[in-house]
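Participant: Next up is a structure, given as structure tokens.
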Amino acid sequence: MSLKIRLARGGAKKRPFYSIVVADARSPRDGRFIEKLGTYNPMLERGHAERVTLKEERIKHWLGVGAQPTDRVARFLGDASIIEKPPIRETPGKSAPKAKAQARAKEAEEAAGAASGSA
8 MSLKIRLARG
18 GAKKRPFYSI
28 VVADARSPRD
38 GRFIEKLGTY
48 NPMLERGHAE
58 RVTLKEERIK
68 HWLGVGAQPT
78 DRVARFLGDA
88 SIIEKPPIRE
98 TPGKSAPKAK
108 AQARAKEAEE
118 AAGAASGSA
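With our numbering applied, the sequence shown covers 8 to 126.
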């Protein structure tokens, strides 16, 4: 059974509130979980003490058993110095079109420079 430490959404419409839980990787996001390990309230300011609450002892236990944190939870755990802080990855959907557009523009400049140089 593969375990994940992940977020389970709660709260009202347009008022998100997340529980940090350990669950089987096959269970649905808001479905059955094994244990609640903390909370995350994105409606609070970044510096607020209750924005992220963690049960460090239980998290260390589940990491020792082999549970894998999701990207967002790994960032929370890194900020709390429970695990090594993971590098921030850029989402491929947002950066790829920009990089392709820049490459096309550079090719067009080179082609225009070669055409004017040979004329």
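Where is the CB? At the ideal position from N, CA and C, for every residue including glycine.
What separation, rounded to the nearest whole angstrom, lies between the Cα atoms of A110 and Y47?
Facilitator: For the purposes of this step, residue 110 is taken as the residue at position 103 of the sequence shown. For the purposes of this step, residue 47 is taken as the residue at position 40 of the sequence shown. One C-alpha to the other measures close to 40 Å.
Participant: For K62, name the three-state secondary structure that DSSP assigns.
Facilitator: Counting from one through the sequence shown, the residue named residue 62 turns up at place 55. Three-state result, K62: coil.
Participant: For G18, which residues from the same chain have a beta carbon less than 7 Å from its beta carbon, with the 5 sequence-adjacent residues on both sides left out?
Facilitator: As a position in the sequence shown, residue 18 is number 11, starting the count at 1. Around G18: F24.
Participant: According to DSSP, which residues form a beta bridge with I27?
Facilitator: Numbered from 1 along the sequence shown, position 20 holds the residue referred to as residue 27. Partner(s): L14 and G45.
Participant: Name the two residues that bound the continuous alpha helix (DSSP H) containing F40.
Facilitator: Counting from one through the sequence shown, the residue named residue 40 turns up at place 33. No alpha helix (DSSP H) contains F40, which DSSP labels as neither H nor E.
Participant: Could you check which residue in I12, K92, A108 and I90 has the C-alpha nearest to that of D31?
Facilitator: Here residue 31 refers to the residue found at position 24 of the sequence shown. Ranking the options by Cα distance to D31, first place goes to I12.
Participant: Taking DSSP as the reference, what is the three-state secondary structure of A112?
Facilitator: For the purposes of this step, residue 112 is taken as residue 105 along the sequence shown, with counting starting at 1. Helix, per DSSP.
Participant: Is L44 near K62, with beta carbons less than 8 Å apart?
Facilitator: Residue numbering aside, residue 44 sits at position 37 when the sequence shown is read from its first letter. Residue numbering aside, residue 62 sits at position 55 when the sequence shown is read from its first letter. Their beta carbons are under 8 Å apart, which means L44 touches K62 by this criterion.
Participant: Is the CB-CB distance between A56 and R36 below 8 Å?
Facilitator: The residue you call residue 56 lines up with position 49 of the sequence shown. The residue you call residue 36 lines up with position 29 of the sequence shown. Cβ distance not < 8 Å, so A56 and R36 don't count as in contact.
Participant: For D86, which residues in the same chain have their Cβ closer than 8 Å to its Cβ, ignoring the five residues on either side in sequence?
Facilitator: Indexing the sequence shown from 1 puts residue 86 at position 79. Hits under 8 Å: V59 and K92.
Participant: How many angstroms separate the CA atom of S9 from the CA atom of A74?
Facilitator: Here residue 9 refers to the residue found at position 2 when the sequence shown is read from its first residue. Here residue 74 refers to the residue found at position 67 when the sequence shown is read from its first residue. The straight-line gap from Cα to Cα measures roughly 7 Å.
Participant: Given that a residue counts as buried once 16 or more other Cβ atoms are within 10 Å of its Cβ, and exposed if not, what is P49?
Facilitator: Locating residue 49 in the sequence shown gives position 42, counting from the first residue. Counting Cβ neighbours within 10 Å, P49 comes out exposed, since fewer than 16 surround it.
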